[in-house]
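Just so you know, the protein sequences line up as chains A and C, in that order. Residue 196 is where the first sequence ends in our numbering, and the numbering goes up by one at each step. Residue 227 is where the second sequence ends in our numbering, and the numbering goes up by one at each step. Where a beta carbon is used, it is the ideal one built from N, C-alpha and C, also for glycine. Fair warning: this is a prediction, and the values are worked out from it, not measured in the lab. The next block holds one structure in the form of structure tokens; read it before the comments.
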Amino acid sequence: MKNKHIHSALFLFLFLWIGISSRAQETLNAFDPNTFILGGGQESTTAVVDLQRIAITDLEPDPATGFSDSTLGMEAGNPFTGTGSPTTGEFWLNFTYRSLNFQNARIFVRVNQPIPSDMTIKVQIINTANINGVYNANPNSNPINLSTSEQIIVYDFASGYTGDGEGTGYLIEYNIINPSALSLPPGFEIIFEIK
Amino acid sequence: MKKLLTLSLILLISSSVLSQILPGTLDVTGMPTFIQSFDEVVKEAGLDDTTVGFESEFDANLVGFVLNPQLLLGSDLVCEANVFRYSVFIHTQNAPANFILEARTSLNSGQRFPQVSTYDNLPLQPLGPRDLTPENGGNYIPVPNDGSQAIKIFEFIGCRTDIPVQFRIKGSALVPAGNSNFQIVYTVVGSLM
């Protein structure tokens, strides 16, 4: 009885092994001329590939997405829940970058129009993560006081990609200090841009 | 008549089995240029560009293999009288790192050479009909950038010309933008069976 089970297992193993082997793609050592010199042949042709430069970022969760830059639209008054008190939030910055001539890039941040005086908006990279990405994190971890002048939020980096979605890339915290409960102008945006 | 037919078939089969495979010429035409358009670039930040990919024309390369002429016999007559099985393997040389090239052809693509042959009318064809069979059901096959692992993309019976090969390109974001040159190498292996 025991032998019967062993035989059955062996047959099953053999059957599976043959099945797996027969499905494998056939390969050849093309460096060995003996494989093709009689009744065969070998030829090559030149191919050229021309790939585009890529520089895209977006924010997750995804308030807005743009090519070459990302914007965080902020409807006036929307994030503010308490008059005069700071409000904070977090989002993830993802990017995909393919360099031309191995040129490194940076990510800059700015706002598209002046912030009302007596209001301060700061952004700061507080963490980095990598899920299904290939990149070397190089954050500027200092708080950045936003203005219409662009400032570096990610220092030099080479081609790479962060992985997509929340939980990967650069975790950015924004902090709004608005003691006078002012409104942001219509169309106000925070812009992240790879250059 | 029936006996004669049977005898001729036996002779044909035995001659095929005992015969020696003959030299031929592999011909590859086309120098493909794979240009990625703006629309073919990944649109979702964070993803690699391999998630998109783009295709070449269906006939970026044309591959053919015919037997060499012998004395006064042209290639067509030599091919008609000598039908072998050919397996075609492909690999690349000097392709950029993180670059994925895939190749395919379709069932019975290309042209039989010669177009009409007495072999086609044999009641029993030792190697089967002069057809082309793609690997992986005609779906794309990744091309290794390693000649020691050249991969089979199709096989055919008898001489054949103008077999189109189409490519799909998946370049990682890690591959530098701009132009890169590399070689696509075809290796044909003939067999009697």
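- Inter-segment contact for the region 132-148 of chain A and the region 57-67 of chain C is absent: fewer than three beta-carbon pairs are separated by less than 8 Å.
- One finds D82, N132, S206, A207, L208 in chain C with Cβ atoms closer than 9 Å to the Cβ of V135(A), taken in chain order.
- Judged by DSSP secondary structure, E136(C) falls within the beta strand (DSSP E) whose first and last residues are 133-138.
- In the three-state DSSP reduction, V112(C) falls in the helix class (H, G or I).
- Neighbourhood of V117(C) in chain A, by CB distance below 8 Å: empty, with the nearest CB roughly 12 Å away.
- In this model, K77(C) and E91(A) are separated by some 23 Å (Cα to Cα).
- Contact note: I197(C) does not reach chain A at a C-beta cutoff of 9 Å; the least C-beta distance is about 13 Å.
- Approximately 17 Å separates the beta-carbon atoms of R202(C) and Y220(C); this is outside 8 Å, ruling out the contact.
- If you draw a straight line from the Cα of G134(A) to the Cα of E189(C), it comes to about 38 Å.
- Relative to V97(C), the option among F123(C), A207(C), P157(C) whose CA is nearest is F123(C).
- Excluding residues up to 5 positions away in sequence, A94, N95, V97, A137, T139 lie with their Cβ nearer than 7 Å to the Cβ of V199(C) in the same chain.
- Exclusion of the five residues before and after E74(C) leaves V86, G87, F88 as the residues of its chain whose Cβ lies within less than 8 Å of its Cβ.
- Straight-line spacing of the CA atoms in Q70(C) and G170(A) works out to 26 Å.
- In this structure G205(C) touches L52(A) by the C-beta definition: roughly 5 Å separates them, less than 8 Å.
- Residues of chain A with a Cβ closer than 7 Å to the Cβ of L56(C) are, in chain order, G40.
- Contact of I154(A) with chain C is not assigned, every C-beta pair being separated by 8 Å or more.
- Relative to the Cα of Q43(A), the nearest Cα in the group L111(C), L226(C), E114(C), I218(C) belongs to I218(C).
- The beta carbon of Q145(C) sits no closer than 8 Å to any beta carbon of chain A.
- Residue environment for G188(A): exposed (fewer than 16 other C-beta atoms within 10 angstroms of its C-beta).
- Cβ-Cβ distances below 6 Å link T167(C) to E189 in the same chain, with the five nearest sequence neighbours on each side left out; the list follows chain order.
- The beta carbon of F216(C) lies closer than 6 Å to those of T126, N128, A129 in the same chain, with the five residues before and after it left out.
- Within chain C, the C-beta atoms nearer than 9 Å to that of V49(A) come from M65, P66, T67, F68, I69, N213, S214, N215, F216, in chain order.
- Ranked by Cα distance from N176(A), the options V49(A), L60(A), I127(A) are led by I127(A).
- Going by DSSP, Y171(A) is part of the beta strand (DSSP E) stretching over 170-178.
- Within 7 Å of the CB of Q183(C), the CB atoms of chain A belong to T28, in sequence order along the chain.
- Within the model, the alpha-carbon separation for N137(A) versus S118(A) is close to 37 Å.
- Around the beta carbon of K186(C), 16 or more other beta carbons lie within 10 angstroms, which makes this residue buried.
- Residues are counted here when their Cβ sits less than 8 Å from a Cβ of chain A; for the region 162-176 of chain C these are E169, N170, I175, given in chain order.
- Going by C-alpha positions, A106(A) is about 24 Å away from Q114(A).
- Between the beta-carbon of G161(A) and that of A207(C) there is about 7 Å, and that keeps the pair under the 8 Å contact cut.
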